[in-house]
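Visitor: Handing you this structure, nothing more for now.
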Amino acid sequence: MDLVNPGFGLVFWTAITFLILLGILRKFAWKPILGAVSEREESIKNALQSAEDAKKDMQNLQADNERILKEARAERDAMLKEARELKEGIISEAKEQAKSEGDKMIKQAQATIESEKKAAVADIKKQVANLSIDIAEKVIKEELSDKKKQEKLVQDMLGDIELN
Amino acid sequence: MRIGNLSAFILGILMIIPLSGFAKDNEVVESDKKFDPNEMIMHHVKDAHEFHIIDIDNESISIPLPIILWTDSGLTTFMSSEFHHDDNGTVVVEKNGGKFVKLHEKIYQLNEGATAVEFDDKHHPVNASKPLDISITRNVFMMWVSVLVLILIFTAAARVYKRSEDKVPTGIAGFIEPLVVFVRDEIAKPMIGEKKYKRYMPYLLTIFFFIWINNIFGLIPILNGANLSGNIAFTCTLAVFTFIITTFSGNKNYWKHIFWMPGVPVPMKIFLMPIELIGIFTKPISLMIRLFANITAGHIIILALMSLIFIFETVAVAPISVLFSLFITVIEIVVTAIQAYIFTILSALYFGMATEEEHH
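What follows is the structure, given as C-alpha cells:
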C-alpha cells in the first residue's frame with residue numbers, strides 16, 4: 003500500500019519546485035519563446051498580406067497602364083486625324099488663295115497689257131499721223147516747187163470743189 | 086546478407102553483456118542468500134533516502150542525501166549516510182534530542198527511553214513514531230536535476246530569440262520550438278479555444294515538459310530509476326494543481342452544468358447533480374492514477390524481466406530478458422512522451438470545459 007500512498011515530503015517538494023519552475027520558465031522561457039513565435043507568425047502574416055496587396059496594386063497599375071495606353075492611342079489617332087484635316091484645309095485654302103491671286107494678277111496683267119496696247123496704238127497713230135504730215139509736207143513741198151505744178155494743184159482742187 | 090550479419094552481431098553482444106554482468110551480480114545474489122524480486126522491484130520503484138549507485142564487493146556506493154525532519158523538538162537534519170546504508174532499523178542515529186532509525190525507507194523516531202526498535206508480529210515498529218519527513222530524497226534530488234536541465238534548455242532557447250533580430254529559431258530553439266508550437270496548436274488551442282488559451286500556456290508547457298523530462302529520467306538506468314513521475318505523490322501534486330486551476334477558472338456556465346444541467350427535465354437535473362459533483366474530483370484523480378500507473382508499470386515490467394535471470398538462476402534466460410526489456414524500454418520511451426501529452430491535453434480539456442461559453 004506504500005506505493006499508492008502519497009508521501010508528504012515529496013508532495014511538499016513537488017509543489018514548491020513546480021511553482022518555482024513555473025514562475026521561472028514563465029518569465030524567462032515561455033514569454034520570450036511564445037512572444038517570438040507569435041511575433042514571427044504575425045510578421046509572416048503581414049508579409050503575405052502585403053504581398054497580396056502588392057499583387058493587387060500591380061494588377062490595378064497594369065489596368066491603369068492599359069487604360070492610359072488606350073487613351074493615349076485614341077488621343078494620338080484623334081490628333082493625327084485633326085492634323086490631316088488641318089493639312090487638307092490649309093492646302094485647299096492655299097490653293098484657293100493662290101488661284102484667286104493668280105486670277106487677280108492675270109486680270110491686272112491683262113488690264114496693263116490692254117492699256118499698254120492702247121497707249122502703243124495711240125503712239126503709233128500719232129507717229130503715223132506725224133509721219134503722214136511729214137510725208138505730206140514733203141510731198142506738198144515737192145509739188146509746190148514749181149509754178150506749173152502749183153497751178154495744176156490749184157486747178158485740181160478747184161475742179162474738186164466744183165465737182166462737189 | 087549485411088543485415089543478417091548485423092543482427093547476428095547485435096545478438097552476440099546481447100549474449101555477452103549479460104554474461105559479463107552476471108558474474109558480479111551472482112555474488113551479490115549468493116551473499117544475499119535469497120533473491121526477492123518483489124523487494125528489489127519495490128526498492129527501485131519507490132523513493133529512497135540515498136542515491137544508491139552500485140554494489141561492489143557487497144559494499145554499497147551511494148550518494149548520501151540530507152534528511153530533514155520536523156520533530157517535537159523542531160527541525161532536525163542530518164545526512165542519510167549516518168545510517169550506514171541500514172534499512173532495517175538497527176542503526177540508531179541520535180540528533181537534536183531524538184533517536185532515529187530507518188526502516189524500509191521510512192524514518193522513525195524512537196519513543197522516549199527506547200534504545201532499539203521493537204517489532205510486533207507483523208513487523209511493525211511498536212515503540213516508534215513517524216515524524217514529519219521532508220527529506221531531500223532520491224526523487225526530490227532528481228526532480229531538482231530535471232528542473233535545472235529544463236531551465237538550462239529553455240532559457241538557452243529563449244536567448245536564441247532574444248539575440249536574433251529576425252526571430253529565426255537556430256540551435257536549441259530549432260528543437261524546442263516545434264514542441265512548444267505543438268503544445269500550443271495541438272493541445273491548448275483546440276482544447277481551450279482561440280480566445281482563452283493564452284492564459285493557460287505557461288502552465289501547460291511547464292507541466293508537459295516537467296512530466297516528460299522526469300519520465301525520461303526515470304528510464305535512465307544509471308540514475309537507478311529515480312521513479313519520480315511514477316510516484317503517486319508527484320502525480321497527485323500535479324493533478325491537484327490542474328484541479329485548482331480548473332475549479333478557479335470555472336465560469337457560470339461550468340457550474341451551471343454541474344449543479345443544474347440545462348436542457349434536461351428537473352428530475353434528471355437532480356439526478357445528474359451528484360454525478361457531476363463526483364466528476365469534478367474523478368477527473369484529477371484519473372490524471373493522478375493514469376500517469377502513476379503507466380510509468381510505474383513500465384518500470385516494474387522492465388525490472389521483472391531482468392529479475393527472471395535471477396529467479397531462474399541461469400544465464401540462458403539472459404538474452405530473452407534483455408531482448409524483452411529492450412523492447413519494453415523502447416515502448417517506454419514512446420510512453421514517456423505519450424503520458425506527458427495525455428496529462429497535458431486532459432488538463433487543457435478540463436480548463437476548456439471550465440471556461441466554455443454557453444452555446445446558443
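Protein chains in written order, with the numbering used here: chain A, 3 to 166; chain B, 86 to 445. Heads up, the beta-carbon is just placed ideally off N, CA and C, and yes, glycines get one too.
#1: For chain B, is any of its Cβ atoms less than 9 angstroms away from the one on Leu50 (chain A)?
#2: Could you tell me the distance, in whole angstroms, from the CA atom of Thr42 (chain B) to the CA atom of Leu217 (chain B)?
#3: Three or more beta-carbon pairs under 8 angstroms between the segment 402–418 of chain B and the segment 274–284 of chain B, yes or no?
#4: Where do the ends of the beta strand (DSSP E) carrying Lys187 (chain B) lie?
#5: Would you say Pro8 (chain A) lies against chain B (beta-carbon separation less than 9 angstroms)?
#6: Is any beta-carbon of chain B found at less than 9 angstroms from that of Phe20 (chain A)?
#7: What whole-angstrom Cβ distance do Ile138 (chain B) and Ile146 (chain B) have, given they're in contact under 8 angstroms?
#8: Considering only their Cβ atoms, is the gap separating Ala242 (chain B) from Asn336 (chain B) smaller than 9 angstroms?
#9: Here's a check: name, in chain order, each residue in its chain whose Cβ is nearer than 7 angstroms to the Cβ of Phe294 (chain B), leaving out the five neighbours to either side.
#10: Less than 8 angstroms between C-beta atoms, sequence neighbours within five positions excluded: which residues of the same chain meet that for Tyr246 (chain B)?
#11: Mind checking the segment 31–50 of chain A against chain B and listing, in chain order, the residues whose C-beta falls within less than 7 angstroms of any C-beta there?
#12: Would you mind sorting Gln61 (chain A) into buried or exposed? The rule is 16 or more other CB atoms within 10 Å of its CB.
#13: I need the straight-line Cα distance from Val141 (chain A) to Ile135 (chain A), nearest angstrom please.
#14: Counting only beta-carbon separations shorter than 9 angstroms, does Ala53 (chain A) have a partner in chain B?
#15: Counting C-beta neighbours from all protein chains within 10 Å, is the total for Val351 (chain B) 16 or more, i.e. buried, or is it exposed?
#16: Pull up the distance between the alpha-carbon of Asn181 (chain B) and that of Ser158 (chain B), whole angstroms please.
#17: Taking buried to mean at least 16 other C-beta atoms within 10 Å of its own C-beta, is Lys368 (chain B) buried or exposed?
#18: What do you reckon, are the CB atoms on Leu372 (chain B) and Leu431 (chain B) nearer than 9 angstroms?
#19: Skipping 5 residues on each side, what residues in its chain have a beta carbon closer than 8 angstroms to that of Leu146 (chain A)?
#20: Using three-state DSSP, classify Leu146 (chain A) as helix, strand or coil.
#21: Which chain B residues are close to Ile26 (chain A), counting only those with a beta carbon under 7 angstroms from its beta carbon?
#22: Just mark Ile450 (chain B) as buried or exposed, buried being the case when its beta carbon has 16 or more other beta carbons within 10 Å.
#23: Quick one: which residues of the segment 257–273 of chain B get their C-beta closer than 9 angstroms to a C-beta of chain A? List them in chain order.
#24: Counting contacts by CB-CB distance shorter than 9 angstroms, is Arg239 (chain B) in contact with chain A?
#25: From Leu5 (chain A) to Ala311 (chain B), what distance separates their C-alpha atoms?
#26: Quick one: Cα of Leu82 (chain A) to Cα of Lys101 (chain A), how far?
#27: Measure the alpha-carbon distance for Thr414 (chain B) versus Ala17 (chain A) and round it to whole angstroms.
Guide: A quick look at the data gives this:
#1: Here residue 50 (chain A) corresponds to residue number 48 of the first sequence, with the count starting at 1. No, Leu50 (chain A) lies away from the interface with chain B (no Cβ there is under 9 angstroms from its Cβ).
#2: The requested residue 42 (chain B) is not part of the displayed model; chain B covers only 86 to 445.
#3: no
#4: If you number the second sequence from 1, residue 187 (chain B) lands on position 102. 183–188 is the span of the beta strand (DSSP E), which, as asked, contains Lys187 (chain B).
#5: As a first step, residue 8 (chain A) must be located in the first sequence, where it is residue number 6. Closer than 9 angstroms: yes.
#6: The sequence position of residue 20 (chain A) within the first sequence is 18, counting from 1. Yes, Phe20 (chain A) lies at the interface with chain B (some Cβ there is under 9 angstroms from its Cβ).
#7: What you label residue 138 (chain B) is simply residue 53 of the second sequence in a count that begins at 1. What you label residue 146 (chain B) is simply residue 61 of the second sequence in a count that begins at 1. Confirmed, about 5 angstroms.
#8: Here residue 336 (chain B) refers to the residue found at position 251 when the second sequence is read from its first residue. Here residue 242 (chain B) refers to the residue found at position 157 when the second sequence is read from its first residue. Against a cut-off of 9 angstroms, the Cβ pair of Ala242 (chain B) and Asn336 (chain B) comes out as no contact.
#9: Stepping through the second sequence from its first residue, residue 294 (chain B) is reached at position 209. Contacts found: Leu235.
#10: Counting from 1 along the second sequence, the entry for residue 246 (chain B) is found at position 161. Closer than 8 angstroms at the Cβ level, and outside the excluded window around Tyr246 (chain B), lie Lys252, Pro254, Ala258.
#11: Ala31, Trp32, Pro34, Ile35, Leu36, Ala38, Val39, Glu41, Arg42
#12: Locating residue 61 (chain A) in the first sequence gives position 59, counting from the first residue. Exposed, because fewer than 16 other Cβ atoms sit within 10 Å of the Cβ of Gln61 (chain A).
#13: Position 139 of the first sequence holds residue 141 (chain A). Position 133 of the first sequence holds residue 135 (chain A). Taking the straight line from one Cα to the other gives about 9 angstroms.
#14: Taking the first residue of the first sequence as 1, we reach residue 53 (chain A) at position 51. No, Ala53 (chain A) does not count as interfacial toward chain B.
#15: As a first step, residue 351 (chain B) must be located in the second sequence, where it is residue number 266. Exposed: under 16 other Cβ atoms inside 10 Å.
#16: In the second sequence, the residue the question calls residue 181 (chain B) occupies position 96. In the second sequence, the residue the question calls residue 158 (chain B) occupies position 73. In a straight line, the C-alpha of Asn181 (chain B) is about 7 angstroms away from that of Ser158 (chain B).
#17: For the purposes of this step, residue 368 (chain B) is taken as residue 283 along the second sequence, with counting starting at 1. With 16 or more other Cβ atoms within 10 Å, it is buried.
#18: In the second sequence, counting from the first residue as 1, residue 372 (chain B) sits at position 287. In the second sequence, counting from the first residue as 1, residue 431 (chain B) sits at position 346. Yes, they are a contact pair.
#19: Mapped onto the first sequence, residue 146 (chain A) falls at position 144. Contacts found: Gln152, Leu155.
#20: Sequence index remark: in the first sequence, residue 146 (chain A) carries index 144 (1-based). Coil, per DSSP.
#21: On the first sequence, residue 26 (chain A) is found 24 positions in, with the first residue counted as 1. Residues of chain B passing the Cβ test: Ile236.
#22: No answer is possible for residue 450 (chain B): it lies beyond the span of chain B, which begins at 86 and ends at 445.
#23: Ala258, Ile261, Glu262, Val265, Val266, Arg269
#24: Along the second sequence, read from residue 1 onward, the residue named residue 239 (chain B) stands at position 154. According to the sequence as given, residue 239 (chain B) is Phe; it is not Arg. True, the Cβ-Cβ gap to chain A drops below 9 angstroms.
#25: Here residue 5 (chain A) refers to the residue found at position 3 of the first sequence. Here residue 311 (chain B) refers to the residue found at position 226 of the second sequence. Cα-Cα distance, rounded: 14 angstroms.
#26: Here residue 82 (chain A) refers to the residue found at position 80 when the first sequence is read from its first residue. Here residue 101 (chain A) refers to the residue found at position 99 when the first sequence is read from its first residue. C-alpha separation (whole angstroms): 28 angstroms.
#27: In the second sequence, the residue the question calls residue 414 (chain B) occupies position 329. In the first sequence, the residue the question calls residue 17 (chain A) occupies position 15. Each residue's Cα considered, the two are about 29 angstroms apart.
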